[in-house]
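Take a look at the structure below.
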Amino acid sequence: MVDRALIDELKQLVVTALRIEDFDPQEIKDDEPLFGDEGLGLDSVDALELVVHIEQQYGIQIEDEEVGRQAFASIAALAAFITAKQA
Amino acid sequence: MKNILYVLLIMSAVLALNGCGGSRSDGGAVLAPGQVAKLSDFSANQFDHKVYIRGMTKAARNTLFWQDPNAQLGEYQSVHVEGPSDQYLPVNPNFVHEPYVKGFAGSFNANLDLKLKATGKTLLVKTAVVECNPGSRAARYWVGMGAGKAVATVVVEVYEPGKDNPSLKIYGRDSASAGGFGGDSMAMINHIMQVMAVRVTTVLEERIDIAKTGR
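This is how it looks when you write it as structure tokens:
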């Protein structure tokens with residue numbers, strides 16, 4: 001079950017946390033890759049900044065970078081990861 | 088041939104400084120020197136990336152920086168480089184990191200032009216390699232999806248004379264997982280070190296140059 005509100009919130013968080021200017025969060029597709037040459041093209045330090053913000057905002061711990069990498073594959077994957085962590 | 092490869096490496100790193108993912112703002116209010124972490128806040132082998140990057144802003148691809156708004160970096164004509172320190176690296180009895188730390192030192196010094204300029208008031212530049220992990224070739228080959236990747240992180244801190252807190256911090260982190268059959272870990276770490284040396288020296292010289300010219 002996709003949590004639409006959480007997905008929209010995460011799109012906003014990505015844009016705000018990474019201080020991306022002149023970019024509508026809704027332009028990020030739910031399944032679009034966040035890292036690498038496709039999709040948003042975020043990099044390693046973007047991932048670290050996002051981990052810090054997500055841990056603060058959602059009260060979860062992202063222990064391991066491999067977990068983080070899978071969780072950060074897309075906004076939809078991130079929403080599923082946070083939901084599972086909070087369950 | 089080696090020179091051509093080196094020039095291509097520098098060109099690709101400089102191009103990457105512009106990065107992707109849209110333009111970034113400076114993040115608004117800048118934290119004061121006492122509010123940001125510095126290397127000496129951490130115990131040996133206990134560097135915390137999440138704590139260190141608080142308050143830092145994107146400078147270039149895979150690179151963050153923080154600068155004291157009251158720093159007077161433009162007043163200095165030269166730098167004295169200390170390091171790189173390896174004391175903050177996590178303990179890994181199965182990996183010898185020294186050759187890669189030396190590799191970073193060589194690339195950093197080769198790319199740093201500031202110290203060659205006229206003598207005068209001197210800034211202290213402390214460098215450290217805080218992460219140097221060759222990853223797992225088997226995991227890269229069998230698991231894929233970024234698993235087992237090689238990763239390295241370097242930190243540069245700039246101190247004005249008589250100050251206990253840095254006036255400028257630069258954090259660079261990169262990873263690699265490409266190559267046939269999982270790739271060569273040692274070559275990847277060497278490549279990451281060289282690319283990051285170019286990135287952090289470029290950001291360092293840019294920040295000091297901005298302070299000099301006011302742009």
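Protein sequence lines correspond, in order, to chains F and H. For what it's worth, our numbering labels the leading residue of the first sequence as 1, then goes sequentially. For what it's worth, our numbering labels the leading residue of the second sequence as 88, then goes sequentially. Note that the Cβ used here is the ideal one computed from N, Cα and C, for glycine as well. All values reported here derive from a predicted model rather than from experimental measurement.
Limits of the unbroken alpha helix (DSSP H) element including residue i
i, result
"Leu-50 (chain F)", "44-58"
"Lys-85 (chain F)", "75-86"
"Ser-127 (chain H)", "First-last for Ser-127 (chain H): undefined, no H or E at that position."
"Asn-196 (chain H)", "185-198"
"Val-117 (chain H)", "No alpha helix (DSSP H) contains Val-117 (chain H), which DSSP labels as neither H nor E."
"Val-138 (chain H)", "136-139"
N- and C-terminal bounds of the beta strand (DSSP E) containing residue i
i, result
"Ser-172 (chain H)", "165-172"
"Arg-260 (chain H)", "255-263"
"Gln-154 (chain H)", "150-154"
Cβ neighbours of residue i in the same chain (closer than 6 angstroms, five flanking residues each side left out)
i, result
"Ser-99 (chain H)", "Low local confidence applies: a pLDDT of 48 at Ser-99 (chain H) is under 50, so the model's placement there is unreliable, with the coordinate-based value given in what follows. Counting only Cβ-Cβ distances below 6 angstroms, and skipping sequence neighbours, we find nothing."
"Val-217 (chain H)", "Phe-134, Tyr-175, Thr-240, Val-242"
"Val-60 (chain H)", "Given that chain H is displayed from residue 88 to residue 302, the structure contains no residue 60 (chain H) and the question cannot be resolved."
"Ala-158 (chain H)", "Ser-254"
"Ile-295 (chain H)", "Leu-160"
"Ala-131 (chain H)", "Gln-174"
Bridge-paired residues (DSSP) for residue i
i, result
"Glu-162 (chain H)", "Per DSSP, none; premise fails for Glu-162 (chain H)."
"Thr-209 (chain H)", "H:Ser-165"
"Asn-220 (chain H)", "H:Val-238"
"Val-245 (chain H)", "H:Val-212, H:Leu-255"
"Lys-145 (chain H)", "H:Leu-151"
"Phe-35 (chain F)", "F:Leu-42"
C-beta contact flag for residue i and residue j at 7 angstroms
i, j, result
"Lys-213 (chain H)", "Glu-169 (chain H)", "yes"
"Pro-221 (chain H)", "Ile-297 (chain H)", "no"
"Ile-257 (chain H)", "Phe-152 (chain H)", "yes"
"Val-45 (chain F)", "Asn-149 (chain H)", "yes"
"Pro-171 (chain H)", "Ala-192 (chain H)", "yes"
"Val-245 (chain H)", "Leu-201 (chain H)", "no"
"Ser-272 (chain H)", "Val-238 (chain H)", "no"
"Met-280 (chain H)", "Tyr-187 (chain H)", "yes"
"Ile-62 (chain F)", "Val-52 (chain F)", "no"
"Pro-180 (chain H)", "Val-117 (chain H)", "no"
"Gly-121 (chain H)", "Gln-164 (chain H)", "no"
Close Cβ partners of residue i (< 8 angstroms) along its chain, the five nearest in sequence each way excluded
i, result
"Thr-83 (chain F)", "Asp-3, Leu-6"
"Lys-11 (chain F)", "Pro-25, Gln-26, Ile-28, Ile-75"
"Glu-292 (chain H)", "Leu-199, Asp-200, Leu-201"
"Tyr-58 (chain F)", "Ile-82, Lys-85, Gln-86"
"Val-230 (chain H)", "Interpretation of Val-230 (chain H) is limited by its pLDDT of 45, a score under 50 that renders its predicted location unreliable; the figure taken from the coordinates is listed afterwards. Excluding residues within five positions, none has a Cβ falling inside 8 angstroms."
"Gly-41 (chain F)", "Phe-35"
"Lys-125 (chain H)", "Glu-244, Asn-252, Pro-253, Lys-256"
Close Cβ partners of residue i (< 7 angstroms) along its chain, the five nearest in sequence each way excluded
i, result
"Lys-85 (chain F)", "Ile-60"
"Ser-127 (chain H)", "none"
"Val-166 (chain H)", "Leu-201, Lys-202, Thr-209, Leu-210, Val-212"
"Phe-81 (chain F)", "Ala-71"
"Phe-129 (chain H)", "Asp-135, Tyr-175"
"Ala-17 (chain F)", "Glu-49, Leu-50, His-53"
heavy atom of the ligand NAD below 6 angstroms from residue i C-beta
i, result
"Asp-200 (chain H)", "Of the ligands one can find in the structure shown there are none, so the ligand NAD has no counterpart to examine."
message: Check whether the stretch 280-300 of chain H and the stretch 179-196 of chain H touch, using three or more Cβ-Cβ pairs below 8 angstroms as the test.
response: In the pairwise beta carbon analysis, the stretch 280-300 of chain H is classified as touching the stretch 179-196 of chain H: at least three pairs are separated by under 8 angstroms.
- request: Could you tell me whether the stretch 242-254 of chain H touches the stretch 24-38 of chain F, where touching means 3 or more Cβ pairs closer than 8 angstroms?
  value: Counting Cβ pairs under 8 angstroms, fewer than three are found: no touch.
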